[in-house]
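Engineer: Sequence lines, in order, name chains A and B.
All residue numbers for the first sequence refer to the numbering used here, where the first residue is 3 and numbers rise by one.
All residue numbers for the second sequence refer to the numbering used here, where the first residue is 503 and numbers rise by one.
Beta carbons are placed, not taken as given, at the ideal position from N, Cα and C, and that holds for glycine.
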Amino acid sequence: MLHNCVKELRARYSFSQTELANRVGVTRQTIGFIEKGDFSPSITLSLKIAQELNVSVDELFWLEGEGYNEE
Amino acid sequence: MKNDDFRVQFPLWNIALLLILTIWSYGVVYAIDLAVSDFEGVFYTTGQQVYVNWHMPSVLSLIIGQLALIAFFIIYFIKLRQYNKNNPGNELRPFTFLKPHELLEDDELFRQITERTTKKIYILYAQAIPVVIFLIMFLPTHRFLYIALLIGLLIAHNALYFWEIRKFMNGKTQLSHTSINAKKRLSKFTLVTIAIITFFALAFPTYQVVQIQTNQERMFEQFERCLEDGHEAILTEDSTVNCSKD
């Protein structure tokens, strides 16, 4: 299963789900599902989110058992 | 996108239209059958007078269906205009022949949800259509029933679509488990759909048989009464008993 720290990083930049969704061109529901780990985004969308949150994709997403990457 | 978005609610509009079409088609089917095969049966004469043999259920269904269709399209176009006004750049066409409005493809998540839901509908059709074919094959009944069964399937399809999208919009869908469980052969929804379709398919001919039997009993009673009174009993073309003195 794919884990992520989108919620934590979004909070750091004080973005709401809607705001982040608008910045990367998706719906609010998509951000919500990504944060819950219920949806694995495409590489393009992962890159866009990482860019908005100023991190690399592998800092934002990691596979189960590989640990939390955020410093 | 919100839960009350017109596109999310669209399967419900489809269901409403299908229900109206069911009522309307009863009248249409009866009228066409009459015009093609039994036009003389529309009229009957008693002495010098000619009467029209109105079949009230079909006449009523034709009128009610027609009025309901007009009302439906007026409300639909008002709602559509409202939606298009509130969503400039994302307008919906009035008719959905090319792309049904309920197919949500706003982004990759919605595309995935739509694919997942249409996969479930594919399974529903794959399992329910053979049952419908089987029922049509063995039931020697009015062709309205066949139309009603197909409309029933379409209603089930739209209900399933709405159910799935609603579940997703309420955050109850788990997309991490998107594959269909092959061990689970029939979903509850498909089972209920097949059960309802079978019930109606059997109920309609049963009702017809009961009606024929009741009519026969009534006619026998009229015959007996006539003969007991010393009159002559004649069976007319429209299945009524004429009692006349010798």
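Name the chain A residues whose beta carbon is nearer than 9 Å to that of residue 503/B?
Structural biologist: Chain A residues near residue 503/B: 29, 30 and 31.
Engineer: At which residues does the beta strand (DSSP E) containing residue 546/B begin and terminate?
Structural biologist: Here the beta strand (DSSP E) through residue 546/B covers 545-548.
Engineer: I'd like to check one pair, residue 27/A with residue 50/A: are the Cβ atoms closer than 9 Å?
Structural biologist: Their beta carbons are under 9 Å apart, which means residue 50/A touches residue 27/A by this criterion.
Engineer: Report the rounded CA-to-CA distance for residue 574/B versus residue 519/B, giving the unit in angstroms.
Structural biologist: Distance between the alpha carbons of residue 574/B and residue 519/B: 7 Å.
Engineer: Whether or not the stretch 649-659 of chain B and the stretch 598-618 of chain B are in contact is what I'm after, with contact meaning three or more pairs of Cβ atoms, one per stretch, closer than 8 Å; do they touch?
Structural biologist: Cβ pair count under 8 Å is below three, so no.
Engineer: What is the DSSP secondary structure of residue 737/B, reduced to helix, strand or coil?
Structural biologist: Correct three-state label for residue 737/B: strand.
Engineer: Using a C-beta cutoff of 9 Å, does residue 675/B count as contacting chain A?
Structural biologist: It does; some Cβ of chain A falls within 9 Å.
Engineer: Considering only residues of the stretch 560-619 of chain B, which uninterrupted beta strand (DSSP E) runs meet the minimum length of 3 residues and lie entirely inside it, listed in chain order?
Structural biologist: Taking only runs of at least 3 residues, no beta strand (DSSP E) segment lies wholly in the stretch 560-619 of chain B.
Engineer: Would you report the Cα separation of residue 673/B and residue 29/A, rounded to the nearest angstrom?
Structural biologist: Using only the alpha carbons, I get a separation of about 14 Å.
Engineer: Residues of the stretch 41-61 of chain A in Cβ contact with chain B at a cutoff of 9 Å, in chain order, please.
Structural biologist: Those residues of the stretch 41-61 of chain A that come within reach of chain B (Cβ to Cβ, closer than 9 Å) are 41, 42, 43, 44, 46 and 47.
Engineer: Are three or more beta carbon pairs between the stretch 50-69 of chain A and the stretch 590-600 of chain B nearer than 8 Å?
Structural biologist: The stretch 50-69 of chain A, when compared against the stretch 590-600 of chain B, does not touch it at the 8 Å Cβ threshold.
Engineer: Note down, in chain order, each residue of its chain lying with its Cβ closer than 7 Å to the Cβ of residue 73/A, except the 5 sequence neighbours on either side.
Structural biologist: Caution applies to residue 73/A, whose pLDDT of 45 falls short of 50 and renders its modelled position unreliable; the model cannot decide the point.
Engineer: With a Cβ-Cβ cutoff of 9 Å, do residue 622/B and residue 691/B count as a contact?
Structural biologist: Yes, they are a contact pair.
Engineer: According to the Cβ coordinates, are residue 525/B and residue 576/B closer than 9 Å?
Structural biologist: No. Outside cutoff.
Engineer: Given that residue 612/B touches chain A, what residues does it touch there, using C-beta distances under 7 Å?
Structural biologist: Residues of chain A passing the Cβ test: 29.
Engineer: Using C-beta distances below 7 Å, list every residue in its chain close to residue 706/B, excluding the 5 sequence neighbours before and after it, in chain order.
Structural biologist: Correct list, in chain order: 643 and 647.
Engineer: If you follow the beta strand (DSSP E) that residue 710/B is part of, which residue opens it and which one closes it?
Structural biologist: Premise fails: residue 710/B lies in the alpha helix (DSSP H), 690-730, not in any beta strand (DSSP E).
Engineer: Taking three-plus beta-carbon pairs below 8 Å as touching, is the stretch 507-519 of chain B in contact with the stretch 548-567 of chain B?
Structural biologist: No, they do not touch.
Engineer: Let me confirm a value: residue 667/B is counted as buried when at least 16 other C-beta atoms fall within 10 Å, else exposed. Which label applies?
Structural biologist: The residue in question, residue 667/B, is buried, as its Cβ has 16 or more Cβ neighbours within 10 Å.
Engineer: Starting from the C-beta of residue 730/B, find all residues in its chain whose C-beta is less than 6 Å away, skip the five residues before and the five after it, and write them out in chain order.
Structural biologist: Closer than 6 Å at the Cβ level, and outside the excluded window around residue 730/B, lies no residue.
Engineer: For residue 67/A, would you say it is in contact with chain B, using Cβ-to-Cβ distances shorter than 9 Å as the test?
Structural biologist: Output row for residue 67/A: interface = no.
Engineer: Report all residues from its chain with a CB closer than 7 Å to the CB of residue 604/B; omit the five preceding and five following residues, and keep chain order.
Structural biologist: These residues qualify, in order along the chain: 509, 512, 513 and 663.
Engineer: Look up residue 554/B in the DSSP assignment and say whether it is helix, strand or coil.
Structural biologist: Three-state DSSP puts residue 554/B in a strand.
Engineer: Express the C-alpha separation of residue 746/B and residue 734/B in angstroms, rounding to a whole number.
Structural biologist: Computed Cα separation, rounded: 5 Å.
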